[in-house]
Amino acid sequence: MGALFSAIGRITHRYSEERGFIVSVKTGDTINKGTKAVVKIAFVNADGLLSSDHTLNAVFKKHFKGGAIDHFDIPRIPNFDCVKQIDLCRINRGLNDRWYVEWVKVKSCQTGIEYVFPIHRWVPGNQRLRIEEFDAALPQNDSRGSTRSEEIQRKRREYECEVKIKGWLPEAKTLPKDENFSAPYLLDLGFTGFGLEQDLEDQTGCGEWLHFDEILHYYNNDTVPRPPCISFWQTDSAFGRQRLNHCNPGQIRLCTGIPEGFAVNQNTLPRGLLEEFTLLEALEKKKLFIVDYKVLKNLHHTKKTVCAPIALFFLNKEDQLMPVAIQLFQDHSDDNPVFYPTDNYMTWLFAKMWFNNSDASFHQSCSHLGFTHLIMEAACLATHRSLSPSHPIFRLLAPHFLFLLAINSLALGKLVNVGGWVDTSMSIGRDGMFEIMTRQLKNWRLDVDGTLPEDLKQRGVEDENTLPNYFYRDDGMALYKAIRKYVKEVVDGFYSSADDIRQDKEIQAWWCCLKDPYEEGGVGIPGVHGWDKDKDKFHKKDLVNICTSLIFIGSAQHAAVNFGQYDDYGYPPFYPSILNGDPPSDKSMRTKDDIEKALPSEKTTLGILKITKLLSTRATQPLGNFEVQYLYDPNSVRAADNLRRELIEIGRGIDERNKMIPYPHTYLRPLDIPNAISI
C-alpha cells in the first residue's frame, strides 16, 4: 500500500513540474454567449516570442457555457514563465456558433504570478485574436492600430443610432446582441414582477375608490408594503420635504425675486406665513425658495389637464421648508388664484395634489426617463461608436452602462408604448411625456444641470447654511467628490501630459460624437464639458469632468430619482401621477369627496403600485463593486479600491446621521446605489 502511495506521489510531483500554466476562462453570462467550438490559445513572452497553439480542452467536461469559468492545464513551455500577450482562436462550428469571453487569466505554475487578459469581446471564428496584458492602452501606444479601427467600425454597425422621439437625442436603432440582460438578472426581474402581479391581481376588484382608507386594504408587509408617507402625507412639512429629499429633489431653487405673473406680494401674502419677515426681507435673507414649472405651460399632447404651477416655500425657524403659496398656472387671473395654507384645509390640500401631479409629470419625463435613462443611452452609444474596447476610458465607463440599453428597450416597449402604462397611469400620457422632455432639452446642459456642483450653484442651493436638511445635496456631493477622485486617478494613470490627449484620436472622436448633432454623426448631448472654451481642443480636465458626470448620472443620480418612487407614488393622494377632472379655479371650500373623485380608478391605482414598486427594486451590485471588472492594471485597481473604501466611509456617515433625524434619507446610501441604470 505504501508503494502505491509513493508512486502516486511521484506521478503527482512530476505532473506539477510539467505543468506550465493554469489557464482560466470566463465566458459571458448573457444568453447565447457560450460555444461548443474547439478553442486554441498561444502565448507571447517578454521577448516577443510566440508559442505554439494549445487546445483548451477538459476531459469528460463540457466547457465554455454562458457564465462559466473553465480551467485548463498547459504543459510547461521553455522560456515562457512570463506572458505578455495571448492569441485566442475559435474553430468555427457553424453560422450560429458564437463565443463571448469576459476574461482569460494565465497563472504560471513556476512563479505563481497570474497574468490577466480582459477580453470583453466576441471571439471571431477561424481568426486569431491577440490581447495584451490588462488590454488597456491609448491608441497611439497600441501596435494593433488597424485591429482597433476595424473593431470600432464593426461597433458602429452594431450600435446604429436613430432618432425615435422627434426633437430628442438618438437612441439605439435595435438592441445590440452584447446588451441583453444576463440570464440570472432576467430571471430575477421576471420573478419580482410576477410576484407583484399575483399579489395585486388577487386583490383587484373594480370601479372607483370610495374613500382614502379603501386603498389601505391593498398593502401587505411583503411585496406591497405600506408607504411611510401614509402617516404624514397631508402635512405641509411633508410637502416641503418632497422638494428636498424625495424622488424629485433637483427642482428647488433659491428665490431671488417673484416671477412675473405669480400674484404674490406683501399685500396678498397672509400675515404670519413668513414669521416676522416681510416678503422683501425674506428674499434678502435668502429664506424663500421656489419651484416653477413654466416648462409645462400649454402642453399640447396631454391626456388630461396638467397644470404649469409655481410654488413658493419659506425656511422657518425650525429649518423646515414650508409651502406658503401655490399658483397652478403661470398667468394670474380670476380663475387662477394663489392658494395659501390659510385657505380652507381641503382646498389647500387639493392645490398641493395638483401641484404634485405636475411635479410627478416632470419627474417621470425629465428627472427620470429623459435625463438619466436616455441621456446615458446617448453617451453609451457614443462610447461604443468611438472607442475601442481596449481604450481605458471605454473600460472606465463600461460598468456604468450595464443593462442600460436593455432596460431602456424594455421600458420604451412595455411602459412608454402607445396604450402602455404611461398612457393609462399618467395625466401627460406618452405624447405629453415626450413633449416635456424635448422642451426641457433646450434648457439642459451636461456641464451644468448634469454636473451636481454646478447644478446646485445655478439653483442657489449649494450652501447648507442657506438650505439645511437638503440631504440629496449633502450625500450627492460626497458621492460626486469620491467618483471624481476615482476618475482622476484612473485618467492620470493613462494620460501623463496634454500631448497624450491631443494624440488620442479615439478620445477626440468620442468627444465630438458626444457633442455633435445627430445630423453630423454625433449624439448631440447639450453642454458637453469643454465645448464652449475651444471647439478644436479637448483637455484632460474636460475628460475627467465628463466621465465623472456620466458615472454620477448613471449611478447616484438615477438612484436618487428612481428608488424612492414607491415611497411617493405608492400612495396616490400623496404624489398622484394622474388626476381626474379639473384643478380648482377658485378658493371655495372643497370636500373630501371632491378630492376622492379626482383620484384614479382602482385598476389604475393598482397598476401604479405594481410598476413603481418594481422600478424601486434594487437587483445589481452596489457602486464600486462592479458586476464585470474591466480595468485590471495596477493603478486602476488601486483607484477602485480607494473608491470602495471612501464609499464605505460615506455610507457610515449617512447611517450615523440618519439615526439622528426623524425622516432618514437612504436613497444615496452607497450600498443602495447600483453601478448602472438596470431597472
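Numbering follows full-length UniProt numbering, with no gaps: position 289 of the sequence shown is 289. Beta carbons are placed, not taken as given, at the ideal position from N, Cα and C, and that holds for glycine.
Taking the C-beta atoms as reference points, L446 is found no nearer than 8 Å to P323. At a cut-off of 4 residues, the continuous stretches assigned as alpha helix (DSSP H) that sit fully inside the segment 123-188 are 145-158. Proximity of the segment 388-401 to the segment 268-280 falls short of the contact definition, fewer than three beta-carbon pairs being nearer than 8 Å. Non-local beta-carbon contacts of H246 in its own chain, meaning distances under 6 Å to residues more than five positions away in sequence, involve G564, D568 in chain order. With a contact defined as Cβ atoms closer than 8 Å, P634 and L671 miss out at about 27 Å. Under DSSP, S333 takes part in a beta bridge, and its partners are N336. The DSSP-derived three-state label of T347 is helix. It is roughly 14 Å from the alpha-carbon of S365 to the alpha-carbon of P576. For the pair S146 and S388, the Cα-to-Cα distance works out to about 11 Å. Scanning its chain for C-beta atoms nearer than 8 Å, with the 5 sequence neighbours on each side dropped, one finds around D335 the residues S585, D586, in chain order.
For E102, the enclosing beta strand (DSSP E) stretches over residues 100-108. Of all alpha-carbon atoms in D593, K540, K610, the one lying nearest the alpha-carbon of G570 is that of K610. Scanning the segment 434-509 for uninterrupted alpha helix (DSSP H) segments of 4 residues or longer gives 452-459, 471-494, 498-503, listed from N- to C-terminal end. Assignment of V224 by DSSP, reduced to helix, strand and coil, places it in the coil class. Listed in chain order, the beta strand (DSSP E) elements of length 3 or more contained wholly in the segment 570-620 amount to none.
Taking C-beta separations shorter than 6 Å and ignoring five residues to either side along the sequence, the partners of C229 in its chain run Y571, F574, following chain order. Per DSSP, reduced to three states, the secondary structure at G20 is strand.
In the three-state reduction of the DSSP assignment, D633 falls in the coil class, being assigned neither a helical nor a strand state.
Taken atom to atom, the span from the alpha-carbon of K485 to that of L643 is near 8 Å. Following the DSSP letters along the chain, one finds P392 inside the alpha helix (DSSP H) bounded by residues 392-397.
A325 is bridged by DSSP to L312. Within the DSSP secondary-structure output, I74 pairs in a beta bridge with F21.
The straight-line gap separating the alpha-carbon atoms of F64 and W103 is approximately 12 Å. Around the CB of E656, fewer than 16 other CB atoms lie within 10 Å, so the residue is classed as exposed. Listed in chain order, the non-local C-beta contacts of R638 below 6 Å within the same chain number zero, local neighbours out to five positions each way being set aside. Taking the CA atoms as reference points, M589 sits about 13 Å from Y340. Rounded to whole angstroms, the separation of the alpha carbons of T605 and D594 is 18 Å.
Listed in chain order, the non-local C-beta contacts of N545 below 6 Å within the same chain comprise H529, local neighbours out to five positions each way being set aside. Beta-bridge partners of A42 (DSSP): D87. Its Cα nearest to that of C161, the residue A379 stands out among A379, F494, A482, L49. Taking 8 Å as the upper bound for CB-CB distance, I22 and C89 are not in contact here, some 20 Å apart.
As computed with DSSP, H54 is found in a beta bridge with I41. Around the beta carbon of R154, fewer than 16 other beta carbons lie within 10 angstroms, which makes this residue exposed. Pairing F43 with Y115, the inter-Cα distance amounts to about 11 Å.
For K303, the three-state secondary structure derived from DSSP is coil. If you draw a straight line from the Cα of R652 to the Cα of L441, it comes to about 37 Å.
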